[in-house]
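Just so you know, the protein sequences line up as chains A and B, in that order.
Oh and the first sequence: position 55 is 54 in the working numbering, straight run, nothing missing.
Oh and the second sequence: position 96 is 95 in the working numbering, straight run, nothing missing.
Using N, Cα and C, we set each Cβ at its ideal position, and we do this for glycine too.
Protein chains: 2
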Amino acid sequence: MKNMIDTAPETPPMPEPLSSSSESSRAETRRAQILAAAADCFRSHGFHGASIAQISKAAGMSAGHIYHYFDNKEAIIAAIVAQDLERFLSLTAGFRAARNVQEAMIGCVASGVEEKLDPATAGLKLEIVAEAARNPRVAEIVRDADRACRESLAETLRAVREASGHHDDDATLQALTEVMAAMFEGLLSRSIRNPDLDRDRVVRVFQTAMRDLMNQTP
Amino acid sequence: MKNMIDTAPETPPMPEPLSSSSESSRAETRRAQILAAAADCFRSHGFHGASIAQISKAAGMSAGHIYHYFDNKEAIIAAIVAQDLERFLSLTAGFRAARNVQEAMIGCVASGVEEKLDPATAGLKLEIVAEAARNPRVAEIVRDADRACRESLAETLRAVREASGHHDDDATLQALTEVMAAMFEGLLSRSIRNPDLDRDRVVRVFQTAMRDLMNQTP
DNA sequence: CATTCTAGATTGAACGCTCATTCTATGTTA
DNA sequence: TAACATAGAATGAGCGTTCAATCTAGAATG
């Protein structure tokens with residue numbers, strides 16, 4: 000098929016941080032360059048639509064050189080997914096460590112909603128979950144990370160619920176977790192389907208809904 | 000270079016009913032075959048991962064013959080998206096016509112949740128929105144249909160809200176609509192990330208959350 | 001200090017394959 | 001016969017991947 004979607008030019012090679020790498024080795028830097036470039040290409044062309052040639056150009060190196068750092072294209076996908084979900088993991092872990100848990104969560108709704116509604120973020124995350132829907136290896140990575148996130152979030156919710164006198168069993172807590180996750184993940188889709196939505200009002204409705212959700216009596 | 004401005008309307012040139020064919024014409028049947036086969040292939044391999052050869056094999060015809068019914072691969076994508084979202088449109092329209100609106104909606108939560116959690120459905124719908132995130136033509140179709148759905152759902156919600164004494168402005172109603180949409184669309188992602196979730200409990204939490212959402216005071 | 005040595009970094013061409021799409025030729029039907 | 005349905009080979013581009021050849025820079029050796 001012809002290239003019908005006129006995309007922004009791939010970012011030119013940026014050969015900045017080669018010398019003076021006292022910290023990370025050159026290999027790590029290169030690897031990170033590839034991952035960043037690949038994330039960009041996957042975002043704008045999809046996993047299968049992005050070619051190694053595109054990625055290598057965006058990363059400022061030859062196509063063949065990519066294979067010094069990754070076994071194949073799928074390994075790049077897996078690394079991006081792992082990286083992305085690790086970030087999410089540490090985020091939720093920090094959440095759980097907050098003192099005033101419920102209000103800390105409510106306070107984070109605004110930034111959380113904004114993040115999910117960012118079209119660039121949304122595009123990549125949707126791409127990842129769409130790939131997980133059909134690629135078993137990606138699915139495994141995604142599910143492992145999601146399990147850890149859910150466990151952390153469920154424990155956080157238990158603290159919130161017990162502070163207001165509710166003592167739930169695990170299954171109920173997990174269902175609460177699922178619905179809360181669905182609400183936020185749904186925003187990824189909303190940002191694509193309706194890019195003009197009123198973010199501030201959505202945040203307010205979201206905050207009320209979150210409060211209701213955490214205080215609902217089963 | 001890439002002067003593919005080709006904004007051809009996606010509707011086929013409406014092939015005239017060939018003389019006495021009271022049934023659906025052979026062309027329409029063939030077209031439907033292609034669409035069904037393509038939906039299957041897209042679901043399992045993604046838009047870019049599915050080849051015309053695969054699709055034609057699944058549809059029981061030669062690869063070249065596909066091009067008698069569709070200009071190119073992207074036109075197939077667009078037709079599937081249009082078909083899929085038209086179905087959703089008529090569904091919400093029926094919703095709005097219900098008599099006892101709020102309880103009708105709550106009653107439909109169970110089947111709605113089940114539908115979104117079906118992995119095959121979820122895979123295709125995620126594929127569609129992921130493609131919309133990067134393909135402007137698909138995005139336009141998706142957004143047009145979504146707008147109509149939102150308007151219908153917002154009016155339905157207005158009826159619910161006014162029945163319980165709330166008189167909201169359009170912006171508030173639209174925010175409610177957005178959050179409700181996000182909740183359901185988020186299930187698509189959840190069904191991939193956690194295929195083992197407890198559907199029954201999720202339905203119950205969902206129903207309570209929906210009720211709270213519709214009764215929340217801004 | 002100058003030199004060889006060496007191992008990793010890097011390239012770019014080449015390979016075999018599959019892709020979307022086109023074209024031509026042959027049924028099929030009315 | 002005229003018009004459409006269909007197949008299947010042909011085309012040229014682009015794909016992921018491999019690989020032999022070069023470059024580079026520091027360590028080892030003299």
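Separation of residue j from residue i, as counted between CA atoms
i: His47/A; j: Ile76/A; result: 10 Å
i: Gln53/B; j: Cys40/B; result: 7 Å
i: Thr155/B; j: Ala103/B; result: 11 Å
i: Ala131/B; j: Ser43/B; result: 18 Å
i: His84/B; j: Leu123/B; result: The sequence given here has Leu at residue 84/B, not His. Rounded to the nearest angstrom, the two C-alpha atoms are 12 Å apart.
i: Ala119/B; j: Tyr66/B; result: 27 Å
i: Met209/B; j: Pro217/B; result: 15 Å
i: Leu186/B; j: Met182/A; result: 8 Å
i: Ala57/B; j: Gln215/B; result: 49 Å
i: Ala92/A; j: Ser55/B; result: 48 Å
i: Ala153/B; j: Arg146/B; result: 10 Å
i: Phe35/B; j: Ala74/B; result: According to the sequence as given, residue 35/B is Ala; it is not Phe. Using only the alpha carbons, I get a separation of about 14 Å.
i: Asn193/A; j: Ala49/A; result: 25 Å
i: Ser188/B; j: Arg200/B; result: 17 Å
i: Gly63/A; j: Ala37/A; result: 15 Å
i: Val202/B; j: Arg30/A; result: 43 Å
i: Asp70/A; j: Glu161/A; result: 48 Å
i: Ala174/A; j: Tyr68/B; result: 46 Å
i: Ser110/A; j: Val141/B; result: 26 Å
i: Ala139/B; j: His165/B; result: In the sequence under discussion, the amino acid at residue 139/B is Glu, which differs from the Ala named in the question. If I take the Cα positions, the gap works out to 34 Å.
i: Ala180/B; j: Ala180/A; result: 14 Å
i: Ser163/A; j: Val204/A; result: 22 Å
i: Glu184/B; j: Glu184/A; result: 8 Å
Sequence-distant residues of its chain with Cβ nearer than 8 Å to residue i (five each side left out)
i: Arg157/B; result: Asp167, Leu172
i: Arg198/B; result: Val112, Glu113, Leu116
i: Phe87/A; result: Ala144, Cys148
i: Ser151/B; result: Leu88, Thr91, Ala92, Phe94, Arg95
i: Asp169/A; result: Ala153
i: Asn134/B; result: Glu73, Ile76
i: Gly45/B; result: Glu126
i: Thr176/A; result: Arg149, Leu152, Ala153, Leu156
i: Ile51/A; result: Ala62, Ile65, Lys72
Residue i in three-state terms, based on DSSP
i: Asp143/A; result: helix
i: Arg133/A; result: coil
i: Met179/A; result: helix
i: Pro217/B; result: coil
i: Ser47/A; result: In the sequence under discussion, the amino acid at residue 47/A is His, which differs from the Ser named in the question. Coil.
i: Leu196/B; result: coil
i: Gly59/A; result: coil
i: Arg203/A; result: helix
i: Arg95/B; result: helix
i: Tyr68/A; result: coil
i: Gly164/A; result: coil
i: Asp117/A; result: coil
i: Gly24/B; result: The sequence shown places Ser at residue 24/B, not Gly. Looking at Ser24/B - three-state DSSP - the assignment turns out to be coil, as it is neither helix nor strand.
Supposed close pair residue i, residue j - CB separation, criterion 8 Å
i: Val128/B; j: Leu125/A; result: 6 Å
i: Ala121/A; j: Ser190/A; result: 5 Å
i: Gly59/A; j: Gln82/A; result: So it is not a contact: roughly 19 Å between Cβ atoms.
Close-in-space but distant-in-sequence residues of the same chain around residue i (CB under 6 Å, 5 per side omitted)
i: Val221/B; result: Outside the shown range of chain B (0 to 217) lies residue 221/B, about which nothing can therefore be said.
Residues near residue i by beta carbon distance below 7 Å, same chain, minus five either side
i: Val137/A; result: Ile76, Ala77, Val80, Glu130, Ala131
i: Val178/B; result: Leu212
i: Ser61/A; result: Ser55
i: Gln206/B; result: Ile105, Val108
Residue i beta carbon near the ligand HEM (any heavy atom closer than 7 Å)
i: Phe46/A; result: You won't find the ligand HEM in this model; it holds no ligand whatsoever.
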